[in-house]
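One structure is given here, and the rest of the page talks about it.
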Amino acid sequence: MMQREGSAPFRNTVILIVGLFLFWELAYLVVGEVALRSPLETVRFLGKLMQTDIFWLHLADSLKAFSVALAIAIALGLLIGFGLGLHRLSGDAMEPMLVALYSIPKITLYPIILLTFGLGISAKIAFGAIHGIIPVALFTLSAVRTIKPILIKTGRVLKLSPTVMVRAILFPAAVPEIFTGIRVGFSLTLIGTVLGEMFAAQHGLGYLLMNAISLYNVDLIMAMTFLLVVFAATVNALLLAIDRRLHHG
Amino acid sequence: MNKVRLYQFAVIAGFILLLEALCLAGVIDKITMTPPHIIVRDFVRMILAGRYFGEIGKSLANVLLAFASAYVVGVVTGTILHGYKTARDILDPLFATYYAIPVFAFYPLFIVIFGLGDGPQVLIGFLLAVVAVIVTTLNGLDRVPLVLKKSARVNGLSPLQTALRITLPYCAPSLLTAAKLALAYAFIGVIGSEFIMARSGMGYEISYAYTNFDNATMYPLILLILLLSIAANSLLSHWEAVLLARRGQK
Chain A
1 MMQREGSAPF RNTVILIVGL FLFWELAYLV VGEVALRSPL ETVRFLGKLM
51 QTDIFWLHLA DSLKAFSVAL AIAIALGLLI GFGLGLHRLS GDAMEPMLVA
101 LYSIPKITLY PIILLTFGLG ISAKIAFGAI HGIIPVALFT LSAVRTIKPI
151 LIKTGRVLKL SPTVMVRAIL FPAAVPEIFT GIRVGFSLTL IGTVLGEMFA
201 AQHGLGYLLM NAISLYNVDL IMAMTFLLVV FAATVNALLL AIDRRLHHG
Chain B
1001 MNKVRLYQFA VIAGFILLLE ALCLAGVIDK ITMTPPHIIV RDFVRMILAG
1051 RYFGEIGKSL ANVLLAFASA YVVGVVTGTI LHGYKTARDI LDPLFATYYA
1101 IPVFAFYPLF IVIFGLGDGP QVLIGFLLAV VAVIVTTLNG LDRVPLVLKK
1151 SARVNGLSPL QTALRITLPY CAPSLLTAAK LALAYAFIGV IGSEFIMARS
1201 GMGYEISYAY TNFDNATMYP LILLILLLSI AANSLLSHWE AVLLARRGQK
């Protein structure tokens, strides 16, 4: 998509954010206090929540699970992506299978994860990681495949070992695409981790959200949803900026 | 091509055999997972007995509803948006960030607003699917050659006629991709919502069976969902490949 120079993208983002807040306020005015809170009330409640210790404990727990899950997703995704990308037949055979796996509602696999890993942080991590692995693997796979053949031939002529080949040629050439995969993987791992917390955790933001639902605590539901959306959108915007620079720079 | 199929078959067969061996050897205990051959037996029994047909039908109806509404709204919105540069520029950051947002996080909110029924589930499926359709439609329309648009103008076609007769047929492959994505997202949205909180549906039955340690119900249902989503995906992917091949791999 085209991106013009100067302040236009920034102005557009501001218009968009203001528009979204207006929509929220409008929805609040229509639906009312029963089920929604206004933006101002939500931010205020979130501010109050942030002054409690318990909130930071839950947040730290979520962040810990999320970062481990992301690390696993990236490491395994790269491994699978490079492995399949370097072997033509494996790549041809496995790519459609990975795409098909990507399209299944992974949430239904949750009971299996839970039975395997038990209640606790490892189930959350596993659930987050399985969401993130496939996109990282798919983007890496296509990145490795679209590398200019001349680069690979040069490596062969120089008789590089497979490890050096990956480190010195394949990886640097594939970085922009891989980064896109990591960006998508980031979002999905976050979703996976939060979903994991919603069902089988005693800690974390997802647990707080689920708890708020059962207690019908609209303030807390709104604050948690808002926090998650802002966090996901902000990090994604940053990653997207890096992503675009890598692709055009 | 045949080699690829053989490879895929070997991977799937190997995976199932490995699971079977691990289950029979007791590495995976019975409470965690029933051996694959038992799952298949339970699956066949479930289908033959017609158990859960009501639930399955209800889930699929909701998936279809979410898919159809997201597809129509998405294609129409994409087509209209294509003509308004400023509006598109403003919405662009939203589209780029959209799939980073945990849409499921809104589910509790929707339950509070609309009550615990089919509405929130269909809405989640719709929300997950619609933006993929809009973005794919826009991408497809971007690739329509200028000469086609010019000939539309020369022939004095109205914007609606141009869309229906020229631009949309030209991006048929993109529209098919959009359908594939929309169906996958609608499925994920509806089944996922049912799993999180609902009174009926396949997702609900899985979580119910899970809570009751009813592996004889849970695994066949999971298998059914896997088969359904993989079949739909493969079918549409195949169709997509045929369409692209006919157009010379555009």
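Protein sequence lines correspond, in order, to chains A and B. Using the numbering used here, you'd call the opening residue of the first sequence number 1 and step up by one each time. Using the numbering used here, you'd call the opening residue of the second sequence number 1001 and step up by one each time. For each residue, glycine too, the CB sits at the ideal point set by N, CA and C.
Within the segment 102 to 116 of chain A, the residues whose Cβ lies closer than 9 Å to some Cβ of chain B are Tyr-102, Ser-103, Ile-104, Pro-105, Lys-106, Ile-107, Thr-108, Leu-109, Tyr-110, Pro-111, Ile-112, Leu-114, Leu-115, Thr-116, listed in chain order. With a contact defined as Cβ atoms closer than 8 Å, Gly-91/A and Arg-145/A qualify at about 7 Å. For Ser-1237/B, the uninterrupted alpha helix (DSSP H) segment begins and ends at 1215 to 1246.
By the Cβ neighbour-count rule, Asp-53/A is exposed, with fewer than 16 other Cβ atoms within 10 Å of its own. With a minimum length of 4 residues, the unbroken runs of alpha helix (DSSP H) contained wholly in the segment 44 to 121 of chain A fall at 53 to 86, 88 to 102, 110 to 117. Restricting attention to Asn-1233/B, Glu-1240/B, Leu-1123/B, Leu-1024/B, the CA atom closest to the CA of Met-97/A is found in Asn-1233/B.
Annotation for Pro-149/A: the continuous alpha helix (DSSP H) segment containing it runs 149 to 157. Beta-carbon to beta-carbon, Ser-1059/B and Met-1218/B are separated by about 15 Å, too far to satisfy the 8 Å threshold.
Below 8 Å, enough C-beta pairs join the segment 1127 to 1142 of chain B and the segment 1061 to 1078 of chain B to call them touching: three or more.
In this chain, the alpha helix (DSSP H) harbouring Ala-174/A covers 171 to 200. Close to Val-229/A, with beta-carbon spacing below 8 Å, are these residues of chain B in chain order: Ile-1101, Pro-1102, Ala-1105. Closest in alpha carbon position to Leu-1226/B, among Glu-197/A, Met-222/A, Phe-179/A, Leu-109/A, is Leu-109/A.
Close to Asp-1214/B, with beta-carbon spacing below 9 Å, lies no residue of chain A; the smallest spacing is near 10 Å. The DSSP-derived three-state label of Ala-1198/B is coil.
Counting the other Cβ atoms within 10 Å of the Cβ of Thr-163/A gives fewer than 16, which makes it exposed.
In the three-state scheme derived from DSSP, where H, G and I count as helix and E and B as strand, Arg-1041/B is classed as helix.
The beta carbons of Gly-204/A and Ala-65/A sit closer together than 8 Å.
Listed in chain order, the non-local C-beta contacts of Leu-78/A below 6 Å within the same chain comprise Thr-140, local neighbours out to five positions each way being set aside. The three-state secondary structure of Thr-1034/B, taken from DSSP, is coil. DSSP places His-1082/B inside the alpha helix (DSSP H), whose first and last residues are 1053 to 1082.
Excluding its 5 nearest sequence neighbours in each direction, Asp-61/A has C-beta neighbours in its own chain below 7 Å: His-203, Gly-204, listed in chain order.
Shown here, Val-1144/B sits in coil according to DSSP, grouped into three states, outside any helix or strand. Residue range 1085 to 1098 is occupied by the alpha helix (DSSP H) that includes Thr-1097/B.
Within the model, the alpha-carbon separation for Phe-23/A versus Ala-1129/B is close to 20 Å. Between Pro-96/A and chain B, the shortest Cβ-Cβ separation is below 8 Å. Secondary structure at His-203/A: coil, using DSSP grouped into helix, strand and coil. For Gly-181/A, the closest C-alpha among the options Asp-243/A, Ala-232/A, Phe-127/A is that of Asp-243/A. At a Cβ-Cβ threshold of 8 Å, Gly-206/A and Glu-197/A count as neighbours. About 5 Å separates the beta carbons of Thr-1097/B and Asn-236/A, which is inside the 8 Å limit, making them a contact pair. For the pair Ser-1237/B and Ala-1184/B, the CB atoms are not nearer than the 8 Å cut-off. Taking 8 Å as the upper bound for CB-CB distance, Ile-125/A and Ile-72/A are in contact here, some 7 Å apart.
Inter-segment contact for the segment 131 to 139 of chain A and the segment 79 to 88 of chain A is present: three or more beta-carbon pairs are separated by less than 8 Å. At least 8 Å separates the beta-carbon of Ile-17/A from that of Ile-1090/B. Scanning its chain for C-beta atoms nearer than 8 Å, with the 5 sequence neighbours on each side dropped, one finds around Leu-1243/B the residues Ala-1172, Pro-1173, Leu-1176, in chain order. Relative to Lys-1180/B, the option among Ala-1068/B, Tyr-1084/B, Ile-1191/B whose CA is nearest is Ala-1068/B. Contact check for Leu-1081/B and Arg-1088/B: beta-carbon distance about 5 Å, within the 8 Å limit, so the pair qualifies.
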